[in-house]
Structures are given as structure tokens and as C-alpha cells.
Amino acid sequence: SPPPPPSPFPPPTPPPLGLLNFTSCSDIGGHFQDGWFERYHRTADIHTTLQRIATQCTLPLEIIRIGTSFENRDIFAVRMGNPEATKSIVLVSGLHAREWIAPAGMLGAMKELLMLPEFAAALRELQVVWVPLLNPDGYEFSHTDDRFWRKTRRVNDARYTAPPCTGVDLNRNFPHHWGGADSSSNSCTETYRGPSAGSEPETQALLELIASEKISRQIVAGMDFHTWGQLILTQPGWVRRGAVGDTGSAALYDAMSELGHKMKQAISDKTGASYEVMAGSEFYAVGGALDETLHMESSTGLGYTVELRDTYLGANSAGTFELPATEIMPTAADIVQIVLTLIKHVLPTSK
Numbered sequence: 001s002p003p004p005p006p007s008p009f010p011p012p013t014p015p016p017l018g019l020l021n022f023t024s025c026s027d028i029g030g031h032f033q034d035g036w037f038e039r040y041h042r043t044a045d046i047h048t049t050l051q052r053i054a055t056q057c058t059l060p061l062e063i064i065r066i067g068t069s070f071e072n073r074d075i076f077a078v079r080m081g082n083p084e085a086t087k088s089i090v091l092v093s094g095l096h097a098r099e100w101i102a103p104a105g106m107l108g109a110m111k112e113l114l115m116l117p118e119f120a121a122a123l124r125e126l127q128v129v130w131v132p133l134l135n136p137d138g139y140e141f142s143h144t145d146d147r148f149w150r151k152t153r154r155v156n157d158a159r160y161t162a163p164p165c166t167g168v169d170l171n172r173n174f175p176h177h178w179g180g181a182d183s184s185s186n187s188c189t190e191t192y193r194g195p196s197a198g199s200e201p202e203t204q205a206l207l208e209l210i211a212s213e214k215i216s217r218q219i220v221a222g223m224d225f226h227t228w229g230q231l232i233l234t235q236p237g238w239v240r241r242g243a244v245g246d247t248g249s250a251a252l253y254d255a256m257s258e259l260g261h262k263m264k265q266a267i268s269d270k271t272g273a274s275y276e277v278m279a280g281s282e283f284y285a286v287g288g289a290l291d292e293t294l295h296m297e298s299s300t301g302l303g304y305t306v307e308l309r310d311t312y313l314g315a316n317s318a319g320t321f322e323l324p325a326t327e328i329m330p331t332a333a334d335i336v337q338i339v340l341t342l343i344k345h346v347l348p349t350s351k
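When the sequence shown is numbered by the numbering used here, its final residue is 351 and no position is left out of the sequence of numbers.
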């Protein structure tokens, strides 16, 4: 596929590397209008705010257009950190349209982290790549037409699925174990996997970002943020641990669980929220999910899914996709602790 067009937000000319300002971006709050995190925002407003941050924050930070959606909306990533760093982590949200708290919480976490000297110090050795909204078409549709819309807005072809309904579940469209558990060939279901692995422009945009990132540095971890459930999901995600076909490392699975429990404890200590840690396949197995691609493409195998607020209580759950906007910054605080714990793991010198 052709490369994505260049970003419409040209970054300022960077100073020589030795002069880069790695102090915290203490004025970041001023880049968000008063009350910005007191409501959910549409795609255009999110992009405008990202532009404002990129052009005014003193940290090494740029906005890049990584591709366009089926309906030709831009998909952006935010890249932070030393351009000569040899390691990066990739953080993604907004695959499922109705999960508004995930992109909103990610933006809130970015704001809070950019004010922390410890995060700024880590950016000397690390790049952090954020993709806040991978499914802008579905997200817009969930604002204008159907609050609980999940998929993209792909107009499906009757040659591949009959009857042809609208949309593809991006979290079933990634190449690794595409067509596996909890994915459907019926486009009228919410878990329609698409006509082929990596078929969707949104999927392709992220895969190309990952591939380009690996040319420049090692991806040492990746996380995919969803809602809801308050769960930190480790590998394996596509099959039960030890089942036929599971070729993963038991030592890696154990290490991921140990790190997940550190994230859980950090959240509990700082925000009081209670998260659970389990293998994704213990929650339910999924084929073609993003976390499996992050697991396979990272040098460490660290590929997680995080289900953010609200809590999962089973059949009688009070959890909801419709979290009030008052939950945005508390959710952001959970993400902050997850990211800081992850950074301490991949950068042992980070304090």
C-alpha cells in the first residue's frame, strides 16, 4: 500500500540533540481549554488539541499522520522522546467506537505524564508512541447515530459476506491468529473479522507504524486500551495457556503476570481502583487481536490489553460503556500508573 501522506502539522525545527529540553512540560495544562476533560470530544477537536500541544510543548514531541480511515478521516499518532532513543513503547486506544473512555483517558494520561519530571527523564532514553483513536469513523458514528456502535464503518462487499452489513471489528482484523477464537465471517455480527487478515485501512496504518518503528529502534512493549472491566490482560490471548497450539514461553507468561500485578498495585496505591490480572484467554480467547500483534512484534514479547473502568461483575454487572465524563481523569490516573510501571520495567534505571 502507498505510504501515508505527510502530517499537516509540521513540527518546529528541532534544536541540536544536546539542547533538547527534557524538563517536564509543566505548562501542558494550558494547552487544554478550561473544562476540556469535563466532557467527551469529537475527532476534530481531539486533533486540534494534539496540534496545539505539539507546537507549544518544549519536550521532543510530534504529531504524525499514520494513515486514513475507510471514510478518509486522518489517523494520528503522538511520538514523544529522544529521536535517538533505541527503545520505544506503543500505546493504542479507540479500536472500538463506543469505548469513549479509552481515548479520553489516554489523552488525560498524556497531559498528566507530560507534567511529571520522572516521565520527562525517561524520554531521554525512550520514545513513547501513542495512537489515541484508531477508529475515527466508528467513533464519529457513535456520537451522531448509534452510541453503542462498535466496529468501523467499512461498507462490506457481498462477495465476501452475505448479507453485507457495515463495519469490521478492528480487534479481530490483525494478522496473528486471524480467523481464530471469537471472530466471525458474518459481517452482521459485532466481531466480524474482515475479508482477510489486515484488510482494513485502520489496521494497515497501525501495522505500518509498527514496522517503521522497528526499523529505527526496538519496540520493547505495547498496550491496547479498551473498556470496560478493570482488567490487565496478559498473554496468551488467543488460546488457553498450555492448550494445543500454544507455543509461547511459560517464563514470559509468568513475567507478564508479575508485571501486571505491579501495575495493579500501583493503581490501587494511587487511585484506589481495583484491577484484576489474568491471561486474555482466561477472560475469553480472541483471534486477530491487537495485543497478539504487539506481543509478536515487540522484542520482549510484552503485549497487553487493558480493560479500563468500569468494573466487570459478571451477568449482573453494573459496568457500562457510558461512563460519565467525571470518570475521565480518574481513568487517566489509572493509565498513568500503568505507563510509569511499564517504563520502570523496560528502563531499569528509571526511578
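Each residue gets a CB set at the ideal place from its N, CA and C atoms; glycine is no exception.
To the nearest angstrom, how far is it from the Cα of residue i to the Cα of residue j?
i, j, result
"Leu342", "Pro163", "44 Å"
"Asp137", "Ser93", "14 Å"
"Arg98", "Phe141", "9 Å"
"Gly287", "Gly301", "17 Å"
"Ser69", "Gln265", "37 Å"
"Ser298", "Asp291", "10 Å"
"Thr293", "Leu95", "14 Å"
"Asp182", "Pro201", "22 Å"
"Gly180", "Val339", "29 Å"
"Gln204", "Val168", "13 Å"
"Phe321", "Lys151", "14 Å"
"Trp178", "Ala197", "6 Å"
"Gln337", "Ile63", "24 Å"
"Leu231", "Asp246", "22 Å"
"Leu116", "Met256", "26 Å"
"Glu258", "Asp224", "18 Å"
"Asp254", "Thr144", "43 Å"
Keeping to the same chain, check which residues put their C-beta closer than 6 Å to that of residue i; ignore five residues upstream and five downstream.
i, result
"Ala315", "Confidence in Ala315 is poor, its pLDDT being 47 and thus under 50, which makes the residue's placement unreliable; the coordinate value appears in the next sentence. So the list is empty, once near-sequence residues are dropped."
"His295", "Gln235, Gly301 and Gly303"
"Val346", "Val220 and Ala221"
For the alpha helix (DSSP H) containing residue i, name the first residue and the last one.
i, result
"Met278", "From DSSP, Met278 is part of no alpha helix (DSSP H) but of the beta strand (DSSP E) over Glu276 to Ala279."
"Leu259", "Ala250 to Thr271"
"Asp45", "Thr43 to Gln56"
If you follow the beta strand (DSSP E) that residue i is part of, which residue opens it and which one closes it?
i, result
"His226", "Gln218 to Gly229"
"Ser93", "Lys87 to Ser93"
"Thr68", "Leu61 to Thr68"
"Ala181", "It is not in any beta strand (DSSP E) - Ala181 carries neither H nor E in the DSSP assignment."
"Arg79", "Asp74 to Gly81"
To which residues of the same chain is residue i closer than 7 Å at the C-beta, ignoring the five residues directly before and after it?
i, result
"Met329", "Phe37 and Gly108"
"Gly81", "Pro60, Leu123, Leu126, Gln127 and Val128"
"Asp156", "The sequence given here has Asn at residue 156, not Asp. For Asn156, where only same-chain residues beyond five positions count, the Cβ hits under 7 Å are Pro164, Cys165, Thr166 and Ser187."
"Arg39", "Ala325"
"Tyr160", "Pro195"
"Glu71", "Asp137 and Arg153"
"Thr43", "Arg73, Leu133, Pro136, Tyr139 and Glu140"
"Trp353", "Beyond the ends of the chain as shown, which are 1 and 351, falls residue 353; an answer cannot be given."
Kindly list the residues whose CB is nearer than 8 Å to the CB of residue i, restricted to its own chain and excluding five residues on each side of it in sequence; keep chain order.
i, result
"Leu323", "Trp100, Ile101, Thr227, Trp228, Arg309, Asp310 and Thr331"
- Task: Could I get the ranges of all uninterrupted beta strand (DSSP E) runs contained in the segment 294-339, with 3 residues as the minimum, in chain order?
- Result: 303-311
- Message: Going residue by residue through the segment 84-159, where are the continuous beta strand (DSSP E) segments of at least 3 residues, counting only ones entirely within it?
- Response: 87-93 and 126-131
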